[in-house]
Amino acid sequence: MSFHVKVSWQGSQQPGEAFSRDHQIHFGSGQSIQASSAPDFQGNAAHVNPEESLMAALSSCHMLTFLAIAHLKRLPVASYDDQVSAELGQNEAGKTKVAAINLNPVITFAAGVTVSEEALAKMHQKAHENCFIANSLNTVVRLHDREFNH
Numbered sequence: 005m006s007f008h009v010k011v012s013w014q015g016s017q018q019p020g021e022a023f024s025r026d027h028q029i030h031f032g033s034g035q036s037i038q039a040s041s042a043p044d045f046q047g048n049a050a051h052v053n054p055e056e057s058l059m060a061a062l063s064s065c066h067m068l069t070f071l072a073i074a075h076l077k078r079l080p081v082a083s084y085d086d087q088v089s090a091e092l093g094q095n096e097a098g099k100t101k102v103a104a105i106n107l108n109p110v111i112t113f114a115a116g117v118t119v120s121e122e123a124l125a126k127m128h129q130k131a132h133e134n135c136f137i138a139n140s141l142n143t144v145v146r147l148h149d150r151e152f153n154h
């Protein structure tokens, strides 16, 4: 299995002028988004930045893995919402990296379905362990009060 995206940038830069960070990301599904660097890095706040894309990829992967686990356990989920944040830091070489990503999912199960906090924590643990994106990162992932290091 493989995946493909196309990233396109067009600009006309005069010597000494700042370059535009705006670009387009074209996904294999046919969708496209406008992207830029984060505003703190002279990017366009109206466009998606790489840090947001990384957070979205991790959250989406964790959610989809969690939903698969819930489905296998015959625990119907009515809704899943996640408020994700990230923190920049430095790696051992002093280079800037996404040091931590904080997931804060709120899951509502279907009416009449009760899941204990212990069972929910185990489901999240299993979702984290099986999320392809989490397994690809070299960063701390926090889920509520738990921390997973990679």
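The working numbering runs 4 ahead of the 1-based position in the sequence shown.
Heads up, the beta-carbon is just placed ideally off N, CA and C, and yes, glycines get one too.
Owing to the predicted nature of the structure, the values given are computational and were not obtained by experimental measurement.
Could you check what DSSP says for residue i in three-state terms: helix, strand or coil?
i      : result
ALA22  : coil
GLN129 : helix
ASN106 : strand
LEU92  : strand
LEU76  : helix
PHE152 : strand
HIS66  : helix
ALA97  : coil
LEU141 : coil
Where does residue i land, buried or exposed, given buried means 16+ other C-beta within 10 angstroms?
i      : result
ALA74  : buried
ASP149 : exposed
LEU92  : exposed
ALA114 : exposed
PHE70  : buried
SER36  : exposed
ASP85  : exposed
What residues in its chain sit with their C-beta under 8 Å from that of residue i, if we drop five residues either side in the sequence?
i      : result
PHE152 : HIS132, ALA138, VAL144, VAL145 and ARG146
Might you give, ordered along the chain, the residues of its own chain that have their beta carbon closer than 6 Å to the beta carbon of residue i, omitting 5 neighbours on each side?
i      : result
ASN128 : It should be pointed out that residue 128 corresponds to His in this sequence rather than to Asn. Result list for HIS128: LEU147, in chain order.
For residue i, collect the residues of the same chain with a Cβ closer than 7 Å to its Cβ; drop the 5 residues on either side in sequence, then sort them by chain order.
i     : result
SER83 : THR112
With a cut-off of 8 Å on the beta carbons, I'd call residue i and residue j a contact; round off their distance for me.
i      : j     : result
VAL119 : LEU79 : 6 Å
ASP26  : SER6  : No, ASP26 and SER6 are not in contact; Cβ-Cβ is about 28 Å, not under 8 Å.
| query | Per the contact definition of three or more C-beta pairs closer than 8 Å, is the region 133-147 in contact with the region 65-81? | reply | Between the region 65-81 and the region 133-147, the count of Cβ pairs shorter than 8 Å is three or higher; the stretches touch.
| query | For the 8 Å Cβ check, are there 3 or more pairs between the region 20-35 and the region 86-102? | reply | With the cut-off at 8 Å, the region 20-35 and the region 86-102 do not touch.
| On the three-pair Cβ rule with 8 Å, is the region 94-109 touching the region 50-63? | Counting Cβ pairs under 8 Å, three or more are found: they touch.
| said: When you compare the region 107-127 with the region 33-52, are there three or more beta-carbon pairs, one atom per stretch, that lie closer than 8 Å? | reply: Flag = no, the region 107-127 and the region 33-52 do not touch.
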